[in-house]
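The structure under discussion appears below in the form of structure tokens.
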Ligand code: BV8
Ligand code: ZN
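Residue numbers (the working numbering): 910 to 1171.
Okay, structure coming up:
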């Protein structure tokens, strides 16, 4: 890990994983002023939230691939089916808690002059772990939006939800970005600005297949940032990263912290 004999503390880190945190990443982490962390479904996997892809499979709901049931046209075609899919996932989430990866990211937010957490996830686990000002590129499973007046209303994780808008009484839909839909105004712009200005970018638990989120690490790289991927599998981004840490986020992120003595 650091060359030479391993000190007891290093042995404990060594025992946790045969992963090596390079001297370069440790230096980058220590000197970084502006950090961007982009997360995907993999950061919630150890909380028990099923990922969409990975492991050779893809999420399917009642025979429909998830990018069909989670597509814009389903809202007009069969809103009840869309709600059934999201109600199922929200209830599944209600018993799940943040894992060490979420907690470590929450602890990093006070370590740097500027730390931006941008997530593709809609599960709200980063916020439950204590992260603030999370940029949710794809919306939130715990919010509904009116089809007519676009008013938003929070939905209780465990509880029932209203089908009607509290402002105008018309139908509501999940306040989630479906395939074929624009991202929430300002969300992508804030994320792209963070990517353009960061000096260290972590890409954690994403298959890097969904755009425009998957473009963010390339923007960071092109702007001169050191890009570090954390994923048990390689992705289309792996080759452009300065460091690829092959492992589970819940193991790797605490190891990064330990390697710089936090
Ligand atoms: C857009 C919310 C502009 C819903 C999601 C045709 C028409 C319109 C657009 C397109 C089109 N064709 C292509 C597009 C673009 C499209 C797109 O990118 N499609 C892809 C599939 C090719 N994008 C869009 O439509 C976006 N909008 O482009 O607007 C526009 C608009 C109109 C017309 C033209 C252009 C909107 C995309 C947002 C879709 N909504 N989520 C829901 O949740 O149901 S995306 C969905 O996938 C989730 O949000 C998820 O987060 C996201 C990405 O997946 P990942 O997070 O990466 O998760 P995944 O399961 O794939 O991978 C998990 C990874 O974790 C794996 O690598 C695995 O190895 C790793 N892992 C596993 N365990 C661990 C781990 N890592 C670490 N630790 C572990 N323990
Ligand atoms: Zn309304």
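The C-beta atom is built at its ideal place from N, Cα and C for all residues, glycine as well.
Proximal residues to residue i (C-beta, below 8 angstroms), its chain only, five neighbours per side dropped
i	result
residue 984	991, 1056, 1082, 1087
residue 1093	1045, 1046, 1048, 1086
residue 1215	Absent from the structure is residue 1215, since the part of the chain shown begins at 910 and ends at 1171.
residue 1076	1055, 1058, 1060
Residues of its chain near residue i, where Cβ-Cβ distance is below 6 angstroms and the 5 sequence neighbours each way are ignored
i	result
residue 1023	943
residue 1123	1117
residue 1106	943
residue 1009	1159, 1163
residue 912	Interpretation of residue 912 is limited by its pLDDT of 33, a score under 50 that renders its predicted location unreliable; no figure is taken from the coordinates.
residue 994	970, 978
Cβ neighbours of residue i in the same chain (closer than 7 angstroms, five flanking residues each side left out)
i	result
residue 1141	1155, 1156, 1157
residue 918	At residue 918, the pLDDT of 43 sits below 50, so the modelled position is not reliable and the matter cannot be decided from this model.
residue 938	1109, 1165, 1169
residue 928	1154, 1156, 1161, 1164
residue 1003	1066, 1067
Endpoints, the alpha helix (DSSP H) within which residue i is located
i	result
residue 1048	That residue, residue 1048, is in no alpha helix (DSSP H); its beta strand (DSSP E) goes 1048-1055.
residue 1128	1125-1131
residue 978	975-978
residue 1002	988-1003
residue 1009	1009-1017
residue 935	932-940
Cα-Cα separation between residue i and residue j, rounded to whole angstroms
i	j	result
residue 1050	residue 1102	25 angstroms
residue 910	residue 975	With a pLDDT of only 25 at residue 910, under 50, the local geometry of the prediction cannot be trusted, and no value is derived from it.
residue 1127	residue 1073	41 angstroms
residue 1001	residue 1143	28 angstroms
residue 973	residue 941	44 angstroms
residue 998	residue 1111	27 angstroms
residue 986	residue 979	12 angstroms
residue 1039	residue 1026	12 angstroms
residue 952	residue 1015	13 angstroms
residue 1063	residue 1028	19 angstroms
residue 946	residue 1041	13 angstroms
residue 959	residue 1030	11 angstroms
Residue interval of the beta strand (DSSP E) (run including residue i)
i	result
residue 1171	Counting along the chain, residue 1171 falls outside any beta strand (DSSP E), and DSSP gives it neither H nor E.
residue 961	No beta strand (DSSP E) contains residue 961, which DSSP labels as neither H nor E.
residue 1113	1109-1113
residue 1092	Here residue 1092 belongs to no beta strand (DSSP E), and DSSP marks it neither H nor E.
residue 1062	1061-1063
Contact belief for residue i with residue j at Cβ below 8 angstroms, rounded distance in angstroms
i	j	result
residue 988	residue 956	With 8 angstroms as the limit, residue 988 and residue 956 do not qualify as a contact, their Cβ atoms being about 28 angstroms apart.
Distance cut-off 6 angstroms: residue i Cβ against heavy atoms of the ligand PLP
i	result
residue 1029	Absent from the structure shown: the ligand PLP. Ligands present: the ligand BV8 and the ligand ZN.
### Query
With distances taken from each beta carbon to the nearest heavy atom of the ligand ZN, which residues come in below 6 angstroms, in chain order?
1055, 1057, 1058, 1060, 1074, 1076, 1077, 1079
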